[in-house]
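In full-length UniProt numbering, the protein residues as written are 1 to 446. The beta carbon of each residue, even a glycine, is placed where N, CA and C say it ideally should be. The structure appears right after this line, and notes come after that.
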């Protein structure tokens, strides 16, 4: 099935036609979004898999490697809000295509880095490019997903954050062994440029997509704004960033995202290096173990998102009921606190896989909760960007804090305890703060 779109709007049908088997072709978009995120996370984990070689090439300590890793997030955080505003204005098609192209150039330049200065520039470019992935990706979800299916759409999108490391760790380990760490970045960067062009040529909104069945199109258009009633249509004017930040809900979403992303970035940045230095595996073996744990997490997190969709009634979705699922899965990550005392490799794989399943599910469901609580569609990109800022401010700190704690204490025990404590905080925050829909009147300060 081709993703080729029509040059003009496709002829719609009445919502009534959705009663006759509307079809499931919309899930192609969910799958493609997941693959785009997967590619970005392959580029991210590449740096971690090559960590031991990068440390040797540039003469870095573990703390300095963590600092170099976090540079990615500096650009990510700075660009995230502006790119969210741009996504609201220009749409997912153009913004996500440019995102993939820019981060792929960053990957290419990483492979060409000749010193710490050029490595920093490459990492900044990679972070700036990837910053629009989730604002634009979630905007595409808002375009394509009926409200009752946001969990599975967002889950498939966010599954790329674990499928990418699962596949990327194995591929990167092989490329590092065969081509060197520089060659691994050149190969993945070149592939990304091609994907960016394909996305721009293939993607469009449901209204303008030829391969979508009329009944399915009508159903999507009728149900994608499930939080709005006929009497309460969303306004056309977008809420301001300042207005959004004056709501308790947005702060709850941001802090919760940060507490989950901290653990995600700890493993994304250090899991292969941890397996090499603490568990004494070879680079190729560490790649396979990392890939296995992330592969298990990918399946588990999508299942958790689907369960969330089925368990929640529409009224609960509108009232922020998904926050209860976010809190529950965050609490289920707490076995992470036992990781330093697990001695067997099989035990390490099992425990990390469990933690990644629950942590990824929590992040996924918090994105879906953000979408549930947005009443004003025109502000979607900004709201998603702010949730992303919360995640990536914490994510920026994760590799720095972890790297220097390992230097100071000589082990990963304290870093894992810090991550577990933050997950406990996140569960409490989402339960108590992420409740009220983001009404335009609230955002205006009334």
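Practice task
Pick helix, strand or coil for residue 374, following the three-state DSSP scheme.
Solution key: Position 374 of the chain shown, counting from 1, holds the residue named residue 374. If DSSP states are grouped into helix, strand and coil, residue 374 belongs with the strands.
Practice task
Give the straight-line distance between the Cα atoms of residue 190 and residue 97, rounded to the nearest whole angstrom.
Solution key: To locate residue 190, count along the chain shown from 1; it is residue 190. To locate residue 97, count along the chain shown from 1; it is residue 97. Those two C-alpha atoms are separated by around 14 Å.
Handout entry: Best match in 110, 211, 112, 128 for proximity to residue 23 [C-alpha to C-alpha]
Key = Walking along the chain shown from the start, residue 23 turns up at place 23. The shortest C-alpha separation from residue 23 is found at 211.
Exercise for the section: Tell me, please, which residues DSSP counts as bridged to residue 438. Expected result: Here residue 438 refers to the residue found at position 438 of the chain shown. Answer is 374.
Handout entry: Rounded straight-line distance, which links the Cα of residue 59 to that of residue 118
Key = One-based indexing of the chain shown puts residue 118 at position 118. One-based indexing of the chain shown puts residue 59 at position 59. For residue 118 and residue 59, the distance between alpha carbons rounds to 15 Å.
Exercise for the section: Please report how far the alpha carbon of residue 73 lies from the alpha carbon of residue 271, in whole angstroms. Expected result: Your numbering for residue 73 matches position 73 in the chain shown. Your numbering for residue 271 matches position 271 in the chain shown. Their Cα atoms are separated by approximately 18 Å.
Practice task
Return the first residue and the last residue of the alpha helix (DSSP H) that residue 64 is part of.
Solution key: On the chain shown, position 64 is the one that residue 64 refers to. Element bounds for residue 64: 62 to 90.
Problem - Length of the line joining the Cα atoms of residue 330 and residue 304 - result: Counted from its first residue, the chain shown places residue 330 at position 330. Counted from its first residue, the chain shown places residue 304 at position 304. Each residue's Cα considered, the two are about 12 Å apart.
Exercise for the section: Quick one: using the 10 Å Cβ neighbour count with 16 as the cut-off for buried, is residue 432 buried or exposed? Expected result: For this step, residue 432 is matched to residue 432 along the chain shown. Label assigned to residue 432: exposed.
Problem - Contact under 7 Å by Cβ, residue 297 with residue 77 - result: Residue numbering aside, residue 297 sits at position 297 when the chain shown is read from its first letter. Residue numbering aside, residue 77 sits at position 77 when the chain shown is read from its first letter. In this structure, residue 77 does not lie closer than 7 Å to residue 297 by Cβ.
Practice task
Take every Cβ of the segment 105 to 118, pair it with every Cβ of the segment 327 to 345, and state whether three or more of those distances are shorter than 8 Å.
Solution key: no
Problem - residue 114 (DSSP reduced to helix, strand or coil) - result: Residue mapping note: residue 114 aligns to position 114 of the chain shown, counting from 1. Residue 114 falls in the coil class under three-state DSSP.
Exercise for the section: Leaving out five residues on either side along the sequence, give the residues of the same chain with a beta carbon under 8 Å from the beta carbon of residue 101. Expected result: Translated into positions along the chain shown, residue 101 becomes position 101. Answer for residue 101: 129, 192, 193, 196, 197, listed in chain order.
Problem - Cα-Cα separation between residue 424 and residue 259, rounded to whole angstroms - result: Here residue 424 refers to the residue found at position 424 of the chain shown. Here residue 259 refers to the residue found at position 259 of the chain shown. The alpha-carbon atoms of residue 424 and residue 259 are separated by roughly 8 Å.
Handout entry: Helix, strand or coil at residue 56 according to DSSP, with G and I counted as helix
Key = Taking the chain shown and counting its residues from 1, one reaches residue 56 at position 56. The answer is helix: DSSP assigns residue 56 an H, G or I state.
Handout entry: Cβ pair residue 173, residue 287 closer than 7 Å
Key = Counting from one through the chain shown, the residue named residue 173 turns up at place 173. Counting from one through the chain shown, the residue named residue 287 turns up at place 287. Yes, the pair counts as a contact, with Cβ atoms nearer than the cut-off.
Problem - Separation of residue 434 from residue 408, as counted between CA atoms - result: By one-based count along the chain shown, residue 408 stands at place 408. By one-based count along the chain shown, residue 434 stands at place 434. Their backbone Cα atoms lie some 37 Å apart in a straight line.
Practice task
Can you have a look at residue 178 and say buried or exposed, based on whether 16 or more other CB atoms are within 10 angstroms of its CB?
Solution key: Within the chain shown, the letter at position 178 stands for residue 178. It counts as exposed.
Handout entry: Pair within 7 Å by beta-carbon distance, residue 70 and residue 396
Key = What you label residue 70 is simply residue 70 of the chain shown in a count that begins at 1. What you label residue 396 is simply residue 396 of the chain shown in a count that begins at 1. Cβ distance < 7 Å, so residue 70 and residue 396 count as in contact.
Exercise for the section: Count the C-beta pairs between the segment 267 to 285 and the segment 41 to 59 that are closer than 8 Å, then say yes if the count reaches three, no if not. Expected result: yes
Exercise for the section: Reducing DSSP to helix, strand and coil, say where residue 410 ends up. Expected result: Along the chain shown, read from residue 1 onward, the residue named residue 410 stands at position 410. Residue 410 falls in the coil class under three-state DSSP.
Problem - Between the CA atoms of residue 265 and residue 416 - distance to the nearest angstrom - result: Indexing the chain shown from 1 puts residue 416 at position 416. Indexing the chain shown from 1 puts residue 265 at position 265. Taking the straight line from one Cα to the other gives about 12 Å.
Problem - Neighbourhood of residue 388 by C-beta, 6 Å cutoff - its chain only, sequence neighbours within 5 removed - result: If you number the chain shown from 1, residue 388 lands on position 388. Closer than 6 Å at Cβ, skipping near neighbours: 80, 134.
Handout entry: DSSP-derived helix/strand/coil call for residue 24
Key = By one-based count along the chain shown, residue 24 stands at place 24. Three-state DSSP puts residue 24 in coil, outside helix and strand.
Problem - Neighbourhood of residue 232 by C-beta, 7 Å cutoff - its chain only, sequence neighbours within 5 removed - result: Residue 232 sits at position 232 when you count from the first residue of the chain shown. Summary for residue 232: the model assigns pLDDT 48, below 50, so the residue's position carries little reliability, and this model does not support an answer.
Problem - Member of 37, 384, 392, 284 whose CA lies at the smallest distance from the CA of residue 169 - result: For the purposes of this step, residue 169 is identified with residue 169 of the chain shown, where counting begins at 1. Checked all of 37, 384, 392, 284; the closest Cα to residue 169 is 284.
Practice task
With residue 133 as the anchor, note down where its alpha helix (DSSP H) starts and where it stops.
Solution key: To locate residue 133, count along the chain shown from 1; it is residue 133. It spans 133 to 144 - the alpha helix (DSSP H) in which residue 133 sits, taken as one unbroken run.
Problem - C-alpha gap between residue 400 and residue 406, whole angstroms - result: As a first step, residue 400 is located in the chain shown; it is residue number 400 there, counting from the start. As a first step, residue 406 is located in the chain shown; it is residue number 406 there, counting from the start. If you take the alpha carbons of residue 400 and residue 406, they lie about 10 Å apart.
Problem - residue 380 classed as buried or exposed, judged by whether at least 16 other C-beta atoms fall within 10 angstroms - result: By 1-based counting over the chain shown, the position of residue 380 is 380. Residue 380 is buried by the Cβ-count criterion.
Exercise for the section: Sort 180, 365, 268 by Cα distance to residue 353 and report the nearest one. Expected result: To locate residue 353, count along the chain shown from 1; it is residue 353. Comparing Cα positions, the closest option is 268.
Exercise for the section: Check each candidate in 438, 43, 44, 171 and name the one with the smallest Cα separation from residue 245. Expected result: Within the chain shown, residue 245 is the residue found at index 245, counting from 1. For residue 245, the nearest C-alpha among the options comes from 438.
Exercise for the section: Assign residue 40 to one of two classes, buried (16 or more other C-beta atoms within 10 Å of its C-beta) or exposed (fewer than that). Expected result: The residue you call residue 40 lines up with position 40 of the chain shown. Counting Cβ neighbours within 10 Å, residue 40 comes out buried, since at least 16 surround it.
Practice task
Alpha carbon to alpha carbon, how far is residue 335 from residue 255? Give it in angstroms, no decimals.
Solution key: Sequence index remark: in the chain shown, residue 255 carries index 255 (1-based). Sequence index remark: in the chain shown, residue 335 carries index 335 (1-based). Rounded to the nearest angstrom, the two C-alpha atoms are 21 Å apart.
Exercise for the section: Output the distance between the C-alpha atoms of residue 214 and residue 157, rounded to the nearest integer angstrom. Expected result: To locate residue 214, count along the chain shown from 1; it is residue 214. To locate residue 157, count along the chain shown from 1; it is residue 157. Going from the Cα of residue 214 to the Cα of residue 157 covers about 25 Å.
Problem - Whole-angstrom distance between residue 241 and residue 277, CA atom to CA atom - result: Locating residue 277 in the chain shown gives position 277, counting from the first residue. Locating residue 241 in the chain shown gives position 241, counting from the first residue. Taking the straight line joining both Cα atoms gives about 43 Å.
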